[in-house]
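> Line by line, the protein sequences give chains A and B. Its first residue numbered 1, the first sequence is counted upward by one per residue in full-length UniProt numbering. Its first residue numbered 1, the second sequence is counted upward by one per residue in full-length UniProt numbering. In this text, a Cβ means the ideal position worked out from N, Cα and C, and glycines have one as well.
Protein chains: 2
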Amino acid sequence: MNTYFQPVALNKAYRLLNHGPTVLVSASHAGVDNVMAAAWACALDFDPPKLTVVLDKSAHTRQLVEGSGWLVIQLPTVAQARLTHQVGTQSLADQPDKLAHSGVQLFRVEGYPAPLVSDCSAWLMCRVIEEPHNQTTYDLFIAEVVAAWADTRVFQAGHWHFEQADPALRSLHYVAGGHFYAIGEPVVIDGQAKE
Amino acid sequence: MNTYFQPVALNKAYRLLNHGPTVLVSASHAGVDNVMAAAWACALDFDPPKLTVVLDKSAHTRQLVEGSGWLVIQLPTVAQARLTHQVGTQSLADQPDKLAHSGVQLFRVEGYPAPLVSDCSAWLMCRVIEEPHNQTTYDLFIAEVVAAWADTRVFQAGHWHFEQADPALRSLHYVAGGHFYAIGEPVVIDGQAKE
Chain A
1 MNTYFQPVAL NKAYRLLNHG PTVLVSASHA GVDNVMAAAW ACALDFDPPK LTVVLDKSAH
61 TRQLVEGSGW LVIQLPTVAQ ARLTHQVGTQ SLADQPDKLA HSGVQLFRVE GYPAPLVSDC
121 SAWLMCRVIE EPHNQTTYDL FIAEVVAAWA DTRVFQAGHW HFEQADPALR SLHYVAGGHF
181 YAIGEPVVID GQAKE
Chain B
1 MNTYFQPVAL NKAYRLLNHG PTVLVSASHA GVDNVMAAAW ACALDFDPPK LTVVLDKSAH
61 TRQLVEGSGW LVIQLPTVAQ ARLTHQVGTQ SLADQPDKLA HSGVQLFRVE GYPAPLVSDC
121 SAWLMCRVIE EPHNQTTYDL FIAEVVAAWA DTRVFQAGHW HFEQADPALR SLHYVAGGHF
181 YAIGEPVVID GQAKE
C-alpha cells in the first residue's frame, strides 16, 4: 500500500463506521479469498471496539468468515461504486473469477489472516465473537476490531476530512437498485470543539 | 403532522436506514416520554423488517424501551443538528425539561404506544424482540418494524430524493465531538434501473 495507509488508534476506530457507510467484507479460508458488499454493518462498542455485520446465509464470504473466524470491514470510495455494486450482486459460487472480474485487488498486513481490499479509505481487521444464536437466527455477526487503518487523505487525528480531499474518496451509502449516495458536507455544531 | 407525512410500505422500510443515518430514538413508559440520539442503528432484515440499535445502560430512554417494549427510530434532518446533538448529550435524569430545552416536539399515531419526533424525515415504529443476552452483554436491541412513514419531499416510491429537496432536509451522519456530515450527492451505477 501507499504512504497514505496509516494505523488508526483502536479507541478511535468506531469513528470509521459512525457515519454509516456501506462497506466491503473480505475474508479468507482454506486458500479461498472473497469479498462482498454490505450495507448493514454498524459500530457496537468503543474500546475495545466491536461491530455488527449482517451476512446472509447465501453469501459465500460468510462461509469463509465462519471457517476462519476473521473478517475485514473496509470502506469503498465513490471511485469504487461499480466494484462495490458488482461484488454485492455476484456470487463466487456462480462466478469463480468474481474478484478479478470486479477489479478487486487484495493485499495483506503481516500478522493478520484476512485480506484487505486495495484503494478503500479505511479498514477494520476483526475477529469474530462467536454468538451462534445471533448468527443462526438473524444472520448477525459480532466481531472485535483488533486493528484499524485509514487513508490519511480523508481520515486524520480521529476525524474524517472528506471535504478537503478528492470527491472520488468520499464514502458510499447504499439505498437499493444500484442507487448510492456519497457522503456530503460537514455540519458542525457551534461551540463544539472537535475531540 | 403535515401532508408530507405518508406511510412507507414495510418491504421498503429498510431503505430508510440503509444509507446509515444517525437517528433519534423515542419511547414512552408510565407517562414519561424521552428521546435520545443514536449513531448505532442498523437494518437487520427486509420483510418483515427488523433493525438493531445500541442503547447504553446509562440512557434513560433505554428504561422506557425496556418498560414498554416499543421504540421509534426516526431520522433527524440537517435543520435538527443542534437538537440531535442536545438530546444525544443531555440526560433526562439531570435535566427534567430536556425535551423542551432541546426543542423536541412529539406527536402520536393512533394505535401505537411510542411517540414520534416532529419534523424528522422518516419514522420506524418498532416492537422490541426480547433478546436478554444481547441487551445485557452488548447493549444491543433487536426490534421489528411494524409501521413506517416518511416525508414525501425526500422519500417517495421506495427511494430517497435528497437532491431534489431543500438541503435542510438531508440526513445527518455523526462522527464525534459535534461533527456531523450531511448526506451528499447521488451515485448511480450505469445500466441499473431503480426498483
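Should Ser-42 of chain B be flagged as near chain A, meaning a C-beta pair shorter than 7 Å?
First, the amino acid is wrong: residue 42 of chain B is Cys here, not Ser. Interface residue, yes.
> Return the residue from the list A:Ala-122, A:Leu-140, A:Val-175 and A:Pro-115 that minimises the CA-CA distance to Gly-31 of chain A.
Ranking A:Ala-122, A:Leu-140, A:Val-175 and A:Pro-115 by Cα distance to Gly-31 of chain A puts A:Pro-115 first.
> Run through the segment 26–91 of chain A for me and flag every whole beta strand (DSSP E) of 3 or more residues, listed as ranges in chain order.
As far as the segment 26–91 of chain A is concerned, its whole beta strand (DSSP E) runs of at least 3 residues are 32–38, 41–46, 49–54 and 70–75.
> Tell whether a beta-carbon distance below 7 Å holds between Leu-71 of chain B and Ser-121 of chain B.
Going by C-beta atoms, Leu-71 of chain B is not nearer than 7 Å to Ser-121 of chain B.
> Nearest chain B C-beta to Phe-180 of chain A closer than 7 Å, yes or no?
So, interface residue.
> Going by Cα to Cα distance, which pick from B:Tyr-14, B:Val-65, B:Ala-150 and B:Thr-22 is closest to Trp-130 of chain B?
Contrary to the premise, residue 130 of chain B reads as Glu rather than Trp in this sequence. That would be B:Val-65, whose Cα lies nearest to the Cα of Glu-130 of chain B.
> Any beta-carbon of chain A closer than 7 Å to the one on Trp-160 of chain B?
Judged by the 7 Å Cβ criterion, Trp-160 of chain B is in contact with chain A.
> Are the C-beta atoms of Ala-148 of chain B and some chain A residue less than 7 Å apart?
Closer than 7 Å: no.
> Name the residue from A:Pro-167, A:Ala-37 and A:Ala-176 whose alpha carbon lies nearest to the alpha carbon of Glu-185 of chain A.
Checking every option, the nearest Cα to that of Glu-185 of chain A belongs to A:Pro-167.
> In the structure shown, what three-state DSSP assignment does Leu-17 of chain A receive?
In the structure shown, Leu-17 of chain A sits in coil (DSSP, three-state: anything other than H, G, I, E or B).
> Could you work out which residue in A:Trp-160, A:His-179 and A:Leu-106 is closest to Ser-28 of chain A when comparing CA atoms only?
Closest option to Ser-28 of chain A, Cα to Cα, is A:Leu-106.
> Let me know if Lys-57 of chain A comes out buried or exposed under the rule of 16 or more other beta-carbons within 10 Å of its beta-carbon.
The residue is exposed, with fewer than 16 neighbouring Cβ atoms inside 10 Å.
> CB-CB under 7 Å to Gln-135 of chain A, same chain, minus the five flanking residues each way: which ones, in chain order?
Excluding positions up to five away in sequence, the list reads Phe-141.
> Leu-83 of chain A touches chain B at which residues, Cβ-Cβ below 7 Å?
By Cβ distance, chain B contributes nothing, its closest Cβ being about 10 Å from Leu-83 of chain A, past 7 Å.
> Where does residue 199 of chain A fall in DSSP's three states?
In this structure chain A extends from 1 to 195, so residue 199 of chain A is not present and cannot be described.
> Which residue comes first and which comes last in the alpha helix (DSSP H) that contains Ala-100 of chain B?
98–102 is the extent of the alpha helix (DSSP H) around Ala-100 of chain B.
> Could you check how far apart the C-beta atoms of His-173 of chain A and Ile-183 of chain B are, in whole angstroms? I think they sit under 8 Å.
Correct: roughly 6 Å between the Cβ atoms.
> Is the distance from the Cβ of Glu-144 of chain B to the Cβ of Arg-127 of chain B below 7 Å?
Contact: yes.
> If you count every other CB in all the chains shown that lies within 10 Å of the CB of Thr-3 of chain A, and 16 or more means buried, which is it?
So Thr-3 of chain A ends up on the exposed side.
> For chain A, check one thing: does any of its Cβ atoms lie closer than 7 Å to the Cβ of Ile-129 of chain B?
Ile-129 of chain B does not count as touching chain A.
> Cα separation between residue 245 of chain A and His-179 of chain B?
As shown, chain A starts at 1 and ends at 195. That puts residue 245 of chain A outside it, with no answer to give.
> Beta-carbon separation of Leu-75 of chain A and Ser-102 of chain A under 7 Å?
Cβ distance not < 7 Å, so Leu-75 of chain A and Ser-102 of chain A don't count as in contact.
> Say whether chain B places a C-beta atom closer than 7 Å to the C-beta of Asn-2 of chain A.
Output row for Asn-2 of chain A: interface = no.
> Can you give me the C-alpha to C-alpha distance between Thr-77 of chain A and Ala-165 of chain A, rounded to a whole angstrom?
Taking the straight line from one Cα to the other gives about 12 Å.
> Kindly indicate if chain A contains any beta-carbon less than 7 Å away from that of Val-175 of chain B.
It does; some Cβ of chain A falls within 7 Å.
> Output the distance between the C-alpha atoms of Tyr-181 of chain B and Arg-108 of chain B, rounded to the nearest integer angstrom.
Near 29 Å, if we compare the C-alpha coordinates of Arg-108 of chain B and Tyr-181 of chain B.
> Are Val-175 of chain A and Asn-11 of chain B closer than 7 Å when you measure CB to CB?
The answer is no: Cβ separation not under 7 Å.
> Can you give the Cα-Cα distance for Val-187 of chain A and Gly-177 of chain B, rounded to whole angstroms?
Spanning the two alpha carbons is a distance of roughly 11 Å.
> Using only alpha-carbon positions, find the residue among A:His-159, A:Asp-139, A:Gly-158 and A:Val-87 that is nearest to Val-25 of chain A.
Minimum Cα distance to Val-25 of chain A is reached at A:Val-87.
> If you draw a straight line from the C-alpha of Tyr-14 of chain A to the C-alpha of Tyr-112 of chain B, how long is it?
Going by the C-alpha atoms only, they are around 34 Å apart.
> Under three-state DSSP, which class holds Ala-168 of chain A?
Ala-168 of chain A: helix per DSSP, three-state reduction.
> For Ala-148 of chain A, does the count of other Cβ atoms within 10 angstroms reach 16, so buried, or fall short, so exposed?
Buried, by the Cβ-count rule.
> What does the Cβ neighbour count give for Asp-45 of chain B, buried or exposed, with the cut at 16 atoms within 10 Å?
Buried, because 16 or more other Cβ atoms sit within 10 Å of the Cβ of Asp-45 of chain B.
> Assuming contact is defined by CB atoms lying nearer than 7 Å, are Ala-43 of chain A and Leu-51 of chain A in contact in what I supplied?
Their beta carbons are under 7 Å apart, which means Ala-43 of chain A touches Leu-51 of chain A by this criterion.
> Name the DSSP bridge partner or partners of Phe-155 of chain A?
In the DSSP output, where bridge partners are listed per residue, Phe-155 of chain A has A:Trp-160.
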